[in-house]
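Report on one structure; see the data block that follows.
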Amino acid sequence: MISAKKARCGSSFPFPLGRPCGARRQCDEVRKVVIEQLGAQFLAHAAVQRTAPFVANRSYAYPVLHVSSSFDDLCLPSVIARWSSERRSSTKKLGRLRRTGRFCDQEAYPVGWGAHWLRPRLFSNGDSTGFETRSLSALSDRCARPAYHDLLRSLQDDAVSDIRGTPTRVERRGKVYWYDTYRIGSAVKKRYVGEDSEELRDRLDRHETLKTRQEERRRNRTRLVRLLRAEGFLGLDAATGSLLAAMAASGVFRLGGTIVGTHAFRLYEGELGIRFDTDMTAQTDDIDIASFSRLSLVLEDIAAPPLERVFRDFDFAPQPSLKAGRTWRWKQTRGDTLVEFLTPAFGEDEGIRELSALGVDAQGLHHLNYLIAEPIRAAVTYRSGVLVQIPQPERFAIHKLIVADRRRAGDDGIKVEKDRRQAAFLIEVLAEDRPDELRDAYEDALSRGPKWRSRVASSLNHLPETRRLLGRVF
3 MISAKKARCG
13 SSFPFPLGRP
23 CGARRQCDEV
33 RKVVIEQLGA
43 QFLAHAAVQR
53 TAPFVANRSY
63 AYPVLHVSSS
73 FDDLCLPSVI
83 ARWSSERRSS
93 TKKLGRLRRT
103 GRFCDQEAYP
113 VGWGAHWLRP
123 RLFSNGDSTG
133 FETRSLSALS
143 DRCARPAYHD
153 LLRSLQDDAV
163 SDIRGTPTRV
173 ERRGKVYWYD
183 TYRIGSAVKK
193 RYVGEDSEEL
203 RDRLDRHETL
213 KTRQEERRRN
223 RTRLVRLLRA
233 EGFLGLDAAT
243 GSLLAAMAAS
253 GVFRLGGTIV
263 GTHAFRLYEG
273 ELGIRFDTDM
283 TAQTDDIDIA
293 SFSRLSLVLE
303 DIAAPPLERV
313 FRDFDFAPQP
323 SLKAGRTWRW
333 KQTRGDTLVE
343 FLTPAFGEDE
353 GIRELSALGV
363 DAQGLHHLNY
373 LIAEPIRAAV
383 TYRSGVLVQI
393 PQPERFAIHK
403 LIVADRRRAG
413 DDGIKVEKDR
423 RQAAFLIEVL
433 AEDRPDELRD
443 AYEDALSRGP
453 KWRSRVASSL
463 NHLPETRRLL
473 GRVF
């Protein structure tokens, strides 16, 4: 253990050894705190040892949490944080850190420090007593996770603050959709806003108020993106982020487009509060967008500007397909990035179908309807954030088992292994954090017929631990 040492910025706050002082500006307002639980106190003669998920075998000399004066307002009553600023010794009162929700103030949290979800264990090496804490790759920063959801909420608020006219409720084929209805001259225009939900109705009721604070929210989102990147969020690279931002501005995700594949997998980092191994998230040059062709017809809206123009601005050229004049893939001429559009295939033929709302064609694929049913919103940490749509993580995990078995007949062992690893990783996380949702998704897949069950079982034969976890929640 390493004893607490005086920080270079003039306080007795112990900083990580070998790391720059990123909190120098905030030293005056950041208190030195350790955790003690009512009824259980322990003395330690050294600081907490901790290993960050992205740094191997690094010992730090600092307490469990670092927060501002608002910490008391954020803590549960059963947890008390105290540190006497007058005490200059390295003796600290330590107690068990309970597994709670948000326990630090993201506003005052020093940039570049990870307050990761810790699991403390009391230890003694004969000379000193303290807590050894560890961070698993599946457990993320408890300061960054609230910041991510603040970013996502702000992006969703902005999605309705652009309403120009009157929100209008429309029923089509048994479902309810909301449109922004406005006039341009004598013509009445309708712009699709989203499918009916309690959350959307609440935002529509507040859209006039939300409109007045757009710039404030944009500045706050920029700050949140910086915080997330400082906390080690992988996110997406700048080139992908800029392209997705242009596609979002065109209306791709508002009109039902859903990101699938590895890019979607990376975006579960914020949704689930997880950290990935780098070999599991190796950057892919393919961007896959999936949508239902039937939904595209129902919405009676279209992407603007057209995607063809968006791709041309990013130096993408259409790629030839087996059917002349049907384009569902674009490749960047000055790079290797490939954008593909996909849609569920319900018959035997996995042919090319039209996505009229997006103004493109799409390759039909079996099992895709399961993956993109009831997608969720996600935030891309690019500039002030980009609002996109991704599959539910539990459906993504089970679908990866199916895709891995589909690939077996091909000569693509690397992708098969990646599919299995992604599925196993998500299932391990979901079995602990969302067992009910995982069970429902698993049951749904198995209920779709013998071919589905066969593909899932075939992949699980290569993942015995994953099979055990699914058996436990099923």
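Each residue of the sequence shown is one higher than the one before, counting from 3 in the working numbering.
Just so it is clear, CB atoms sit at the ideal spot from N, CA and C, and this is done for glycine as well.
_For D421, tell me which candidate among L202, A326, L324 and L465 has the shortest Cα-Cα distance._
L465
_Starting from S384, trace the beta strand (DSSP E) in both directions and tell me its first and last residue._
A small correction: the amino acid at residue 384 is Tyr; Ser does not occupy that position in the sequence shown. Careful: Y384 lies outside any beta strand (DSSP E) and carries neither H nor E.
*Tell me whether the beta-carbon of R355 lies closer than 8 Å to the beta-carbon of V341.*
no
*asked:* Once the 5 residues before and after R469 are set aside, which same chain residues still bring their CB inside 8 Å of it?
replied: Residues L462 and N463 of the same chain have their beta carbon placed closer than 8 Å to that of R469, with the five preceding and five following residues left out of the count.
*Provide the residue span of the beta strand (DSSP E) that contains A232, from first to last.*
Note, A232: premise wrong, no beta strand (DSSP E); alpha helix (DSSP H) at Q216 to A232.
*Whole-angstrom distance between A347 and N371, CA atom to CA atom*: 8 Å
*asked:* Classify R205: buried if its beta carbon has 16 or more other beta carbons within 10 angstroms, exposed otherwise.
replied: buried
*Span of the alpha helix (DSSP H) around L340*: Where L340 is concerned, there is no enclosing alpha helix (DSSP H), although the beta strand (DSSP E) it sits in stretches over L340 to P346.
*Ends of the beta strand (DSSP E) at A189?*
A189 to E197
*Run through DSSP, which three-state label would G243 get?*
helix
*Hey, quick one: how far does the alpha helix (DSSP H) through W454 stretch, first residue to last?*
P452 to L462
*Beta carbon of Y384, beta carbon of L274: below 8 Å?*
no
*How many Å lie between F343 and S295 at the Cα?*
11 Å
*Can you check whether the CB of Q391 is closer than 8 Å to the CB of T260?*
yes
*asked:* Taking the straight line between their C-alpha atoms, what separation do you get for T168 and R221?
replied: Each residue's CA atom was taken as its position, placing T168 and R221 some 27 Å apart.
*Do three or more CB pairs link the region 208-220 to the region 148-163 at distances below 8 Å?*
Yes: at least three Cβ pairs fall under 8 Å.
*Might you give, ordered along the chain, the residues of its own chain that have their beta carbon closer than 6 Å to the beta carbon of G243, omitting 5 neighbours on each side?*
V382 and Y384, listed in sequence order.
*Taking C-beta to C-beta, are I400 and A433 nearer than 8 Å?*
no
*May I have a chain-ordered list of the beta strand (DSSP E) segments no shorter than 3 residues that lie completely inside the region 298-343?*
318-320 and 331-334
*Which one or two residues does DSSP pair with R185 in a beta bridge?*
V190
_From the DSSP secondary-structure annotation, give me the bridge partner or partners of T260._
A292
*Is DSSP giving I374 helix, strand or coil here?*
Correct three-state label for I374: coil.
*Close beta carbons around S456, own chain, < 7 Å, minus the five adjacent residues each side*: none
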